[in-house]
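J.:
In the UniProt record's numbering, the protein residues as written are 1 to 372.
1. Verify the CB distance criterion: does residue 14 have a CB-CB separation below 8 Å to chain C?
2. Near residue 272, what residues of its chain come up, given a Cβ to Cβ distance below 7 Å and the 5 sequence neighbours on each side ignored?
3. Is it the case that the Cβ atoms of residue 113 and residue 148 are separated by a distance below 8 Å?
4. Take the Cβ of residue 34 as the centre, count every other Cβ of all protein chains shown within 10 Å, and call the residue buried at 16 or more, exposed below.
5. Could you give the DSSP three-state label for residue 283: helix, strand or coil?
6. Am I right that residue 318 and residue 107 are in contact with their C-beta atoms under 8 Å? What's the rounded C-beta distance?
7. Ordered along the chain, which non-local residues of its own chain (more than five positions away) have a Cβ less than 8 Å from that of residue 4?
8. Pop quiz: residue 326 and residue 346 are said to be a contact at Cβ under 8 Å. What is the actual Cβ separation, rounded to whole angstroms?
9. Quick one: using the 10 Å Cβ neighbour count with 16 as the cut-off for buried, is residue 38 buried or exposed?
10. Based on the DSSP secondary-structure assignment, which residues constitute the bridge partners of residue 168?
11. With a 10 Å radius around its C-beta and 16 neighbouring C-beta atoms as the bar for buried, classify residue 254 as buried or exposed.
12. Can you tell me whether DSSP reads residue 256 as helix, strand or coil?
13. Assuming residue 49 is part of the beta strand (DSSP E), what are its boundary residues?
14. Give me whichever residues DSSP pairs with residue 30 in a beta bridge.
15. Using the C-alpha atoms, what's the distance from residue 215 back to residue 302?
16. Indicate the three-state DSSP secondary structure (helix, strand or coil) for residue 244 in the structure shown.
17. Run through DSSP, which three-state label would residue 361 get?
18. Assuming the contact rule is C-beta atoms closer than 8 Å, residue 288 and residue 158 should be a hit. Round their C-beta distance to whole Å, please.
19. Find the nearest neighbour of residue 308 within the set 286, 321, 322 and 290, judged by alpha-carbon distance.
20. Does the contact criterion of 3 or more C-beta pairs under 8 Å hold for the stretch 231-247 versus the stretch 255-264?
21. Taking the beta carbon of residue 376 as the centre, do at least 16 other beta carbons fall within 10 Å, making it buried, or is it exposed?
22. Here's the rule I'm using: 16 or more other beta-carbon atoms within 10 Å means buried, otherwise exposed. How should residue 7 be labelled?
23. CA-CA distance, residue 64 and residue 251?
24. Pull up the distance between the alpha-carbon of residue 150 and that of residue 97, whole angstroms please.
25. Can you tell me whether residue 142 is buried or exposed? The criterion is at least 16 other CB atoms within 10 Å of its CB, across all chains shown.
26. Using the three-state DSSP reduction, which class does residue 37 fall into: helix, strand or coil?
27. Looking only at its chain, what residues have a beta carbon closer than 7 Å to the beta carbon of residue 364, apart from the 5 residues adjacent to it on each side?
28. Assuming the contact rule is C-beta atoms closer than 8 Å, residue 351 and residue 156 should be a hit. Round their C-beta distance to whole Å, please.
29. From the DSSP secondary-structure annotation, give me the bridge partner or partners of residue 90.
30. I'd like the list of long-range same chain contacts for residue 115, defined as Cβ closer than 7 Å, with 5 residues on each side in sequence excluded.
31. Report the three-state DSSP secondary structure of residue 266 (helix, strand or coil).
32. Tell me which residue opens and which closes the alpha helix (DSSP H) that residue 291 is part of.
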């Protein structure tokens with residue numbers, strides 16, 4: 001019997017965890033390496049498309065009702081009728097979804113990659129703690145700041161799109177959260193995103209979760225970048241994400257008076273008390289020739305490591321799962337000519353998705369579009 005191929009996936013996020021789970025369902029074990037010391041909190045939701053949910057659960061042989069219970073939160077105000085059509089999409093807790101995918105997988109936390117050597121067989125992966133791990137197949141699933149990409153394709157750069165975006169998270173009392181939720185026309189497994197456009201500034205919020213005594217609201221302030229813009233810092237270091245200029249609060253004040261919950265959430269004084277992050281809208285697409293060359297040496301890219309899309313206007317999680325579905329269907333078979341088939345199946349979709357991000361962000365900040 002031929003020895004099982006050693007598959008190493010760098011990055012235990014949505015794409016990497018989905019790929020490892022799918023490979024396991026097909027009888028091929030994989031090791032997940034992740035730089036984090038423990039699973040990230042990821043206190044926000046992502047929306048899964050029906051075109052992803054159905055094949056993913058079919059491959060994992062999972063009942064959808066059980067899946068929904070594990071990755072979504074219960075309704076705060078349940079609908080009276082139980083007769084609901086199958087939704088076209090499903091908002092899920094990213095942390096719960098990743099935890100669900102990683103169940104019983106071999107995940108090695110605190111395993112940051114330092115360098116990769118493809119010159120010999122098997123592939124040699126050196127970690128920052130001094131360990132060396134061998135792999136017959138290496139998959140880069142380590143996101144927009146992929147260490148695998150930087151190691152093997154150091155000249156590839158990320159493009160920062162010209163938008164100023166600030167994300168915030170604030171804790172409210174449970175009663176305040178109830179009051180906001182009851183103003184909305186619908187209740188979902190995860191609260192819907194509510195947004196308004198003031199000029200070209202998009203304000204959006206959703207109630208992320210309820211605990212016993214509090215509610216957590218996630219909100220976003222975004223607009224096109226301006227000349228000499230204090231809120232647009234495309235060259236800031238990753239460590240500068242928490243550096244928020246006072247100009248944000250001045251702009252928020254000029255947007256008042258706002259209506260409903262927007263007035264409370266985007267009140268400058270309230271915003272100063274929230275956890276705020278400066279987000280950069282990044283995108284990239286690796287060259288097909290580079291991908292093909294590395295594939296012949298047993299190395300593949302999925303998700304944002306291959307085709308980064310911005311947090312707003314992108315569709316990164318669904319694209320990463322589609323990558324995992326396609327690659328897992330090829331990798332489980334020793335005789336399959338993986339190198340060409342995987343990128344033949346996915347590359348055009350990547351190119352179209354990355355290109356669509358420009359139009360999506362422009363539409364989001366245009367008066368012709370009223371909701372996210």
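Every residue, glycine too, gets a C-beta built ideally from N, C-alpha and C.
T.: Let's see:
1. Of the chains in the structure shown, none is chain C; there is only one protein chain.
2. 249
3. yes
4. buried
5. strand
6. So it is not a contact: roughly 22 Å between Cβ atoms.
7. 28 and 29
8. 6 Å
9. exposed
10. 219 and 276
11. exposed
12. coil
13. 45-49
14. 7
15. 35 Å
16. coil
17. helix
18. So it is not a contact: roughly 18 Å between Cβ atoms.
19. 286
20. no
21. This structure gives no information on residue 376, because the portion of the chain shown stretches from 1 to 372.
22. buried
23. 44 Å
24. 28 Å
25. buried
26. coil
27. 202, 312, 313 and 372
28. Not a contact, Cβ separation roughly 15 Å.
29. 48
30. 126 and 151
31. coil
32. 288-295
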